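First the structure, in the form of structure tokens, and then the observations on it.
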Amino acid sequence: MAIQTETHQTLDKRAPICNDFAFSVATKNGSGSQTSNNVLVMSLFRMGIPVNGKNLFPSNIKGLPTWYTIRASKEGYTARKDITEVVVAYNNDTAPEDVMNLPPGGVCITTDKIARIIRQRDDISYYVIPVTKLMRQATVPSAFRKLVENMTYVGAVAQLFDIPLDLIYQVLLDNFKGREKPARMNHDVIKLAYDWTAEHIVKSDPYHFERMDGTQGKIMMTGNDAGALGAVFGGVNVVAWYPITPSTSFVDGIIGFRNLRQTEAGENTIAIVQAEDELAAAGIITGAGWAGARSLTSTSGPGISLMAEFAGLAYFAEIPTVFWNITRMGPSTGLPTRTSQGDLLFTHFLGHGDSRQICLLPGNLKEAFEFGWRSFDIAEALQTPVFVISDLDLGMNNWLSDPFDYPDEAINRGKRLDENALRAFIDDHGKWGRYLDVDGDGIPYRTVPGTAHPFAAYFARGTGHDEMATYSERSDDWIENMQRLRLKMDTARALLPQPIIDDGRAADIGIITFGTNDEAIREARDWLANEGIETNYLRVLALPLAPSVSDFIDAHKSIFVIENNFDGQLTQLIRLEHPENISHVRPLALGDGLPMTPSWIYQNLIEQEG
Amino acid sequence: MPPRVNQLGLKRTEYRGKPSTLCPGCGHDSISNQLISMAYELGLDQHNIIKVSGIGCSSKTPAYFLGGSHGFNALHGRMPSVVTGAMLANTDLACIAISGDGDTGSIGMGQFKHVIRRNVPFVYIIENNGVYGLTKGQFSATADEGQFLKYYGTNHMPPIDLALEAVIAGCTFVARSFSGDAKQVQALLQAAVRHPGTAVLDIISPCVTFNNAETSTKSYPYGKDNEIPLHEIQILAPDYVHAQDEITVDDYAEGDIIDVEMHDGSFIRLKKLENDHDPRNRRMAIDVLERSMREQVFSTGLIYYEEPRPTLAQTEELVETPLAKLRAQDMRPPKSALDGVMQRLMPS
Chain A
1 MAIQTETHQT LDKRAPICND FAFSVATKNG SGSQTSNNVL VMSLFRMGIP
51 VNGKNLFPSN IKGLPTWYTI RASKEGYTAR KDITEVVVAY NNDTAPEDVM
101 NLPPGGVCIT TDKIARIIRQ RDDISYYVIP VTKLMRQATV PSAFRKLVEN
151 MTYVGAVAQL FDIPLDLIYQ VLLDNFKGRE KPARMNHDVI KLAYDWTAEH
201 IVKSDPYHFE RMDGTQGKIM MTGNDAGALG AVFGGVNVVA WYPITPSTSF
251 VDGIIGFRNL RQTEAGENTI AIVQAEDELA AAGIITGAGW AGARSLTSTS
301 GPGISLMAEF AGLAYFAEIP TVFWNITRMG PSTGLPTRTS QGDLLFTHFL
351 GHGDSRQICL LPGNLKEAFE FGWRSFDIAE ALQTPVFVIS DLDLGMNNWL
401 SDPFDYPDEA INRGKRLDEN ALRAFIDDHG KWGRYLDVDG DGIPYRTVPG
451 TAHPFAAYFA RGTGHDEMAT YSERSDDWIE NMQRLRLKMD TARALLPQPI
501 IDDGRAADIG IITFGTNDEA IREARDWLAN EGIETNYLRV LALPLAPSVS
551 DFIDAHKSIF VIENNFDGQL TQLIRLEHPE NISHVRPLAL GDGLPMTPSW
601 IYQNLIEQEG
Chain B
1001 MPPRVNQLGL KRTEYRGKPS TLCPGCGHDS ISNQLISMAY ELGLDQHNII
1051 KVSGIGCSSK TPAYFLGGSH GFNALHGRMP SVVTGAMLAN TDLACIAISG
1101 DGDTGSIGMG QFKHVIRRNV PFVYIIENNG VYGLTKGQFS ATADEGQFLK
1151 YYGTNHMPPI DLALEAVIAG CTFVARSFSG DAKQVQALLQ AAVRHPGTAV
1201 LDIISPCVTF NNAETSTKSY PYGKDNEIPL HEIQILAPDY VHAQDEITVD
1251 DYAEGDIIDV EMHDGSFIRL KKLENDHDPR NRRMAIDVLE RSMREQVFST
1301 GLIYYEEPRP TLAQTEELVE TPLAKLRAQD MRPPKSALDG VMQRLMPS
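Each protein sequence line maps, in turn, to chains A and B.
Per this note's numbering, the very first residue in the first sequence carries number 1; after that it's consecutive.
Per this note's numbering, the very first residue in the second sequence carries number 1001; after that it's consecutive.
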């Protein structure tokens, strides 16, 4: 307590800072802090404050350090910040470093036990909560004591920065699906800390929250839930998967939304199979796609590695199915709980031989939902697997978004012939062959098993085949087939979601990116513009690249490709597809396991541009 | 005389596939022939059958039977997962899947065990010759201990018994046969295709090129001399049970006939031969297979049968309409459903 009285005199003089600061909550994994952090984020969201919560967690069930960052921004910026003004230092292992990371004028909320072991800085505020003492007063069954201990910082934060208690209770109720008992238990602890803080702590910092109308009509959700909901509205029928971080909650999402697709009698139109491994998961969705269902798997890097063989088969046998790759940090097991954009090239070229896979690259919740349903239409229209490359940051963190738009296009099953259509096709063309390209777009017509026509059957295979799907080792058959597949990929370029381009500024610098860097880039561009550095911006939504990417590159003197991987993989792809006049294309590639920050982009772009 | 046709008015030749490209005399071709006969005799609709296989000599054979059925020559050892997906997509289909001893016993062991565990309804045929043919004669995991092959020397490892593995995994229909015993293969196929669960047929199918020496237990000469059928098998469809009854039962003493009633009301009638074996007894099934392996006795027939568990589609509580045939309105909830979800996620 002595510490805060020393400092608050000077700090008090600062102007109040409202709804524009960030927290870092440092706890031990498995200590129940997920609920506490979620309560804080959702409370701010309900206060109308644009907010984002990012969990930087370890690959561990219990004990290792975890940080949850919460950023409130009245301007609506939701990218991660390098520096947070407030730290809740509830992990004795990391507290000394957590405190040192605070900027001058920052705030440390900690426990009495931890306060004894951290170095004291005279340029920050310390608020010390006697957790053990408070928990002794709480009427919590001993089995839950450890799990609700973290609610003490919720109470302190609520008091210090003005979050209404009644609103917190509503959030708790939602969190426990309306069950009053656990909500009440947690709330009691929050209230104890809230009251204790009011009585004993003199606030010596300028930060506080205030209700505003920045989230009216908006939603908060994880990208995995958004993608899962999209898949449910896209007509997914067969889901096969093998648990792997950070994709597991994608299938959890489908399980949660499965009831939206049940019949009145409660029967399912979505089968969900937890396979024995990712090989089997890929096999199940390939078999289902071949037999005419809409199928999906969700996995991450190590799983994608195992799925490579089926990806090649589905590509070559031209079977529609959907793979979600919620990217985590590789190579190898890598950093299983950290985000990355490092699977772009591997996924795009997944499979041995000359294969090139369709990839969709969502950067926010709305796109995760849209690609959730649209991926099936694309897969069936092009008769090929579609890979949606999301990442851990989008997949597992809570994002703020406008509500999703209902699909604006009817379900498209592509060139799929039933008995009657097959009869008509044969009347028109004399014959039908599974890989016969009558439209000149590289996309043939397909039948599915169960089609009651004597000529409907064909033999799907990963071996060489001619346009009638007959086994062939002839070089001319092989070349013709590969040329048609290439033509199909070119057809795809126009059919896929087109890049989002903001090129309205008189700028020499063009920024290209994909995926979740979008928020950080948006903010960095504002900072740059404030310094008089104008930039134009293109965000790629799909691979193979759209022709407009080349136009954008040609229209700027300096191109920065911002990506969250180590090797600059999108840059490499651009060099491959757009080989002429690209000396002005440079990667700004990071790959440190964390969501990108505006300050990193800002600093590196200025440094490189000189 | 008009050509013989089945109940669908189809000739047997209409159930054929493309000409085989396997070695002349290959055991696998005999099995393909029995599959053609089975489908013809039972009057199966080819468009409601799928043929799925892995990789290897055996896995090429789906091209050689039932040309009117969709086929999928998939990946090495991964046929079971493809079948799982396809049979969830369309529960109206019947599936005949072909694998080999390498495809199932080595690379595909995991999927073999797990598809059985999930009880996907299909006929899982292992064309077992103890050797890798397409890569020219390596030992497979079912090769006999002590067996000698020209380029690879002596096999020092014990074989994996795939029928035993199937029983242990919880398979509800397990048979072993010999591709040289056409009559038995036919009877077992007719029973297996009626079984609403995974039905595993481990059929010893000699490789005439790489593993047909008399000393090999996977050879024609060995099989012909040593096969000991456990029973004589007859399949009695529900509609002709009674007629057949009168002719056959009298010839056998009571207790020498086991009628295994199947899910669709048909019977597998097993007539006792030299040994007592009741395939409804799991312990006996395991004993028979254990003895076969240890004493190198070539026992064939229906090894194990039990009333099948619910299929995967049943445990998933799927709608009756095959998922692959759902109408668009059953695949996309209305706008109000999305609005409802969005509403719940908004700050109230």
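We treat Cβ as the ideally placed atom computed from N, Cα and C, and that holds for glycine.
Computed from a predicted model, the values in this text were never measured in an experiment.
(message) Tell me which residues share the same chain as B:Leu1010 and place their Cβ nearer than 6 Å to its Cβ, disregarding the 5 neighbours each side in the sequence.
(response) Mapped onto the second sequence, residue 1010 of chain B falls at position 10. Once the five neighbours on either side are set aside, B:Leu1010 has no close Cβ partner at all.
(message) Any C-beta of chain B within less than 8 Å: which residues of the stretch 391-405 of chain A qualify?
(response) Pro403 and Phe404
(message) Does B:Ser1335 pass the burial test, meaning 16 or more other C-beta atoms within 10 Å, or should it be called exposed?
(response) What you label residue 1335 of chain B is simply residue 335 of the second sequence in a count that begins at 1. Residue 1335 of chain B is actually Lys in this sequence, not Ser. Burial call: exposed.
(message) If contact is defined by three or more beta carbon pairs under 8 Å, each pair taking one atom from either stretch, is the stretch 423-441 of chain A in contact with the stretch 275-294 of chain A?
(response) no
(request) Pick out whichever of B:Arg1269, B:Ala1199, B:Thr1198 and B:Asp1264 has its Cα sitting closest to the Cα of B:Ile1233. (result) Position 233 of the second sequence, counted from the first residue, corresponds to residue 1233 of chain B. Comparing Cα-Cα distances from B:Ile1233 to each of B:Arg1269, B:Ala1199, B:Thr1198 and B:Asp1264, the minimum goes to B:Arg1269.
(request) Have a look at B:Pro1308 and A:Asp354 and give me their C-alpha separation to the nearest angstrom. (result) For this step, residue 1308 of chain B is matched to residue 308 along the second sequence. For this step, residue 354 of chain A is matched to residue 354 along the first sequence. Approximately 44 Å between the Cα atoms of the pair.
(request) Taking B:Phe1072 as the query, report the chain A residues whose CB atoms sit under 7 Å from its CB, ordered along the chain. (result) Here residue 1072 of chain B refers to the residue found at position 72 of the second sequence. Here the neighbours are Trp290 and Ala460.
(request) Mind checking which residues open and close the alpha helix (DSSP H) that includes A:Asn398? (result) For the purposes of this step, residue 398 of chain A is taken as the residue at position 398 of the first sequence. Here A:Asn398 belongs to no alpha helix (DSSP H); instead the beta strand (DSSP E) covers Asn398 to Ser401.
(request) Return the chain-ordered ranges of every alpha helix (DSSP H) run that is complete within the stretch 71-140 of chain A and spans a minimum of 4 residues. (result) 95-100, 112-115 and 131-137
(message) Here's the rule I'm using: 16 or more other beta-carbon atoms within 10 Å means buried, otherwise exposed. How should B:Asp1103 be labelled?
(response) The residue given as residue 1103 of chain B occupies position 103 in the second sequence. Label assigned to B:Asp1103: buried.
(request) Please name the residue, chosen from A:Phe346, A:Ser401, A:Lys177 and A:Met47, that lies closest to A:Gly568 on a Cα-to-Cα basis. (result) What you label residue 568 of chain A is simply residue 568 of the first sequence in a count that begins at 1. Answer by Cα proximity: A:Phe346.
(request) Check whether the Cβ atoms of A:Pro50 and A:Thr215 lie closer than 8 Å to each other. (result) Within the first sequence, numbered from 1, the residue matching residue 50 of chain A stands at position 50. Within the first sequence, numbered from 1, the residue matching residue 215 of chain A stands at position 215. Taking 8 Å as the Cβ cut-off, A:Pro50 and A:Thr215 qualify as a contacting pair.
(message) Applying the 10 Å Cβ sphere with the 16-neighbour rule, what's the burial state of A:Asn530?
(response) The residue given as residue 530 of chain A occupies position 530 in the first sequence. Classification of A:Asn530: exposed, given that the 10 Å Cβ count is below 16.
(request) Along the beta strand (DSSP E) that carries B:Gly1071, what are the first and last residues, could you check? (result) Numbered from its first residue, the second sequence carries residue 1071 of chain B at position 71. Run containing B:Gly1071: His1070 to Asn1073, per the beta strand (DSSP E) assignment.
(message) In chain order, what are the residue ranges of uninterrupted beta strand (DSSP E) at least 3 long that sit wholly in the stretch 16-80 of chain A?
(response) 20-28, 51-56 and 65-73
(request) Report the three-state DSSP secondary structure of B:Gln1147 (helix, strand or coil). (result) To locate residue 1147 of chain B, count along the second sequence from 1; it is residue 147. If DSSP states are grouped into helix, strand and coil, B:Gln1147 belongs with coil.
(request) Examine chain B for any beta-carbon lying closer than 8 Å to the beta-carbon of A:Ile254, and answer yes or no. (result) For the purposes of this step, residue 254 of chain A is identified with residue 254 of the first sequence, where counting begins at 1. Chain B contact via Cβ: absent.
(message) Does any residue of chain B have a CB that is nearer than 8 Å to the CB of A:Leu485?
(response) What you label residue 485 of chain A is simply residue 485 of the first sequence in a count that begins at 1. Chain B contact via Cβ: absent.
(request) Could you name each continuous alpha helix (DSSP H) segment of 4 residues or more that falls completely within the stretch 512-590 of chain A, going from the start of the chain to the end? (result) 518-530, 547-554 and 569-577
(message) Taking 8 Å as the threshold (beta carbon to beta carbon), is A:Val448 in contact with chain B?
(response) Here residue 448 of chain A refers to the residue found at position 448 when the first sequence is read from its first residue. With 8 Å as the cut-off, A:Val448 counts as an interface residue toward chain B.
(message) Count Cβ pairs between the stretch 1203-1212 of chain B and the stretch 1172-1182 of chain B that sit closer than 8 Å; are there 3 or more?
(response) yes
(message) Given this structure, state the Cα-to-Cα distance separating B:Arg1294 from B:Ile1286, to the nearest angstrom.
(response) Indexing the second sequence from 1 puts residue 1294 of chain B at position 294. Indexing the second sequence from 1 puts residue 1286 of chain B at position 286. Those two C-alpha atoms are separated by around 12 Å.
(message) Could you give the first and the last residue of the continuous beta strand (DSSP E) run that contains B:Lys1271?
(response) Here residue 1271 of chain B refers to the residue found at position 271 when the second sequence is read from its first residue. Note, B:Lys1271: beta strand (DSSP E), Phe1267 to Lys1272.
(message) What does the alpha-carbon distance come out to for the pair A:Thr132 and A:Val140?
(response) Here residue 132 of chain A refers to the residue found at position 132 of the first sequence. Here residue 140 of chain A refers to the residue found at position 140 of the first sequence. Using only the alpha carbons, I get a separation of about 13 Å.
(message) According to DSSP, A:Thr327 sits in a beta bridge with which residue or residues?
(response) Against the first sequence, residue 327 of chain A aligns to sequence position 327. A:Asp391.
(request) Tell me where the alpha helix (DSSP H) around A:Ala183 begins and ends. (result) By one-based count along the first sequence, residue 183 of chain A stands at place 183. Looking at the DSSP string, the run of the alpha helix (DSSP H) that includes A:Ala183 is Glu180 to His200.
(request) Could you tell me the boundaries of the alpha helix (DSSP H) in which A:Leu313 lies? (result) Along the first sequence, read from residue 1 onward, the residue named residue 313 of chain A stands at position 313. Segment Gly301 to Ala317, the alpha helix (DSSP H) holding A:Leu313.
(message) Please report the distance separating the alpha-carbon of A:Gly63 from that of A:Ser31.
(response) Walking along the first sequence from the start, residue 63 of chain A turns up at place 63. Walking along the first sequence from the start, residue 31 of chain A turns up at place 31. Rounded to the nearest angstrom, the two C-alpha atoms are 8 Å apart.
(request) Say whether the stretch 19-28 of chain A touches the stretch 58-78 of chain A, bearing in mind that this needs 3 or more beta-carbon pairs closer than 8 Å, one atom from each stretch. (result) yes
(message) Please list, in chain order, the chain B residues whose beta carbon lies closer than 7 Å to that of A:Pro454.
(response) The count along the first sequence starts at 1 and reaches residue 454 of chain A at position 454. Those are Gly1068, listed as they occur along chain B.
(request) Just list the alpha helix (DSSP H) runs in the stretch 194-244 of chain A, keeping only unbroken ones of 4 residues or longer that don't cross its boundaries, in chain order. (result) 223-233
(request) Check the Cβ-Cβ distances between A:Ala22 and every residue of chain B, and say whether any is below 8 Å. (result) For the purposes of this step, residue 22 of chain A is taken as the residue at position 22 of the first sequence. So no, A:Ala22 is outside the interface.
(request) May I ask you to list, following chain order, the residues of the stretch 1088-1105 of chain B that have a beta carbon less than 8 Å from some beta carbon of chain D? (result) In the structure shown, chain D does not exist; the protein chains are A and B.
(message) Extract the residue ranges of the alpha helix (DSSP H) inside the stretch 316-383 of chain A, only unbroken runs of 4 or more that lie entirely within it.
(response) 344-348 and 365-382
(request) Keeping to the same chain, check which residues put their C-beta closer than 7 Å to that of A:Asp391; ignore five residues upstream and five downstream. (result) By 1-based counting over the first sequence, the position of residue 391 of chain A is 391. Taken in chain order, the residues that qualify are Ile326, Thr327, Thr339, Ser340, Gln341, Gly515 and Thr516.
(request) Examine chain B for any beta-carbon lying closer than 8 Å to the beta-carbon of A:Phe176, and answer yes or no. (result) In the first sequence, the residue the question calls residue 176 of chain A occupies position 176. No, A:Phe176 lies away from the interface with chain B (no Cβ there is under 8 Å from its Cβ).
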